[in-house]
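Just so we're aligned, residue 376 is where the sequence shown starts under my numbering, counting upward by one. Even for Gly, the Cβ is constructed at its ideal location relative to N, Cα and C. Here the structure comes first, spelled out in structure tokens, and everything after it is commentary.
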Amino acid sequence: MTDATKKQTKWIKILTAILLAAIFFVAFKYIKDYFTEERIQSILNDAGLWAPAIYILLWATLPIFLFPVPLLVVPSGYIFGTTMGVVYTLIGCAVNIVIMYYLAAKLARKPISELVEKKSNDKIKKIFFHPSGTSQGVFFIFRLIPLVSYNLINYMAGILQIQFLPYFVLSLVGITPGIFAFIYLGEQIHDPSTPEFKLAIFFLLLLTALSLILLKIYNKRHRND
Numbered sequence: 376m377t378d379a380t381k382k383q384t385k386w387i388k389i390l391t392a393i394l395l396a397a398i399f400f401v402a403f404k405y406i407k408d409y410f411t412e413e414r415i416q417s418i419l420n421d422a423g424l425w426a427p428a429i430y431i432l433l434w435a436t437l438p439i440f441l442f443p444v445p446l447l448v449v450p451s452g453y454i455f456g457t458t459m460g461v462v463y464t465l466i467g468c469a470v471n472i473v474i475m476y477y478l479a480a481k482l483a484r485k486p487i488s489e490l491v492e493k494k495s496n497d498k499i500k501k502i503f504f505h506p507s508g509t510s511q512g513v514f515f516i517f518r519l520i521p522l523v524s525y526n527l528i529n530y531m532a533g534i535l536q537i538q539f540l541p542y543f544v545l546s547l548v549g550i551t552p553g554i555f556a557f558i559y560l561g562e563q564i565h566d567p568s569t570p571e572f573k574l575a576i577f578f579l580l581l582l583t584a585l586s587l588i589l590l591k592i593y594n595k596r597h598r599n600d
């Protein structure tokens, strides 16, 4: 390959990356503005028997564009109730994890690898190119913490190429307590004065506190891994 061809290829890659970033940003902005919590609830209310399928489809696609998942989860409690809300959410979440993981692995891993190789120190390179076995545990704990971005965890797992099957299983297990709490909150949201609503808030706060404590203990034990 000649120098001119290499230069042309480089510019094509740069322009493609810029175009994809622009498309992603426009989609993110539109989705964030259009799919409010009230609109999602209205869509599901009007969907009738199709509501579960539409909800699962929304779950499978919207988080790709960094859509905040609590805005999806809370209305499902009001529409479907806690039990079926959890079931439909876990189905949608399972589909979405697969999509986001492989999008990151196939589209983002290579350019970010090149950047890390050129610009990062040895410690960052070791984390990026040779993630330790303890990475699965860290990702699991992050899944337990309700306030940690669900979307970014999926993308980071794909970029780092964390072993998929353990990550997939641990993600579903780890996210279930938070999903349950948000959906239960959504089921009670019509009357915030009830003890059930306050219990849901308490459970979210308790889950966050316990997860942060667990993360601190885990990091201390595996500091040298």
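Check your understanding: Would you call the stretch 403-412 and the stretch 438-446 in contact, with 3 or more CB pairs under 8 Å?
Key -> yes
Review point. For the 8 Å Cβ check, are there 3 or more pairs between the stretch 546-555 and the stretch 463-478?
Key: yes
Check your understanding: Does the distance from the C-beta atom of G533 to that of G452 stay below 7 Å?
Key -> no
Review point. If you check the beta carbons only, do T457 and I558 fall under 7 Å apart?
Key: yes
Practice item. Leaving out five residues on either side along the sequence, give the residues of the same chain with a beta carbon under 6 Å from the beta carbon of A426. Key: L419
Check your understanding: Considering only the beta carbon of each residue, do S568 and L519 sit closer than 7 Å?
Key -> no
Review point. If you draw a straight line from the C-alpha of I415 to the C-alpha of L527, how long is it?
Key: 22 Å
**Study point:** Alpha-carbon to alpha-carbon, L432 and L447
**Key:** 11 Å
Point to revise | Where the alpha helix (DSSP H) through D421 begins and ends | key: E412 to D421
Check your understanding: Taking Cβ to Cβ, would you say I516 is nearer than 7 Å to Y593?
Key -> yes
**Study point:** Cutoff 6 Å; reference V513; Cβ partners in own chain excluding five residues on either side
**Key:** none
Point to revise | Cβ-based burial, Q563 [other Cβ within 10 Å; buried from 16] | key: buried
Check your understanding: Short check: CB of T583 to CB of P521, under 7 Å?
Key -> yes
Practice item. State buried or exposed for Y530, treating a residue as buried only when at least 16 other CB atoms are found within 10 Å of its CB. Key: buried
Point to revise | Local conformation of V523 per DSSP, three classes | key: coil
Point to revise | Inside the stretch 411-480 only - beta strand (DSSP E) runs reaching at least 3 residues | key: none
Review point. Can you list, in chain order, the residues of its chain whose CB lies under 6 Å from that of L590, leaving out five sequence neighbours each side?
Key: I516
Practice item. Could you spell out the range, first to last residue, of the alpha helix (DSSP H) harbouring P552? Key: F539 to Q563
Check your understanding: By Cβ distance below 6 Å, which residues in the same chain neighbour A402 in space, the five residues on each side in sequence not counted?
Key -> F440
Point to revise | Among I474, E571, L490 and D566, nearest to P438 - alpha-carbon criterion | key: I474
Exercise for review: Let me know if G460 comes out buried or exposed under the rule of 16 or more other beta-carbons within 10 Å of its beta-carbon.
Suggested key: buried
Practice item. Look at the alpha carbon of I472 and the alpha carbon of L535, and state the distance between them as a whole number of angstroms. Key: 15 Å
Point to revise | Inter-residue Cα distance where the pair is F400 and S524 | key: 18 Å
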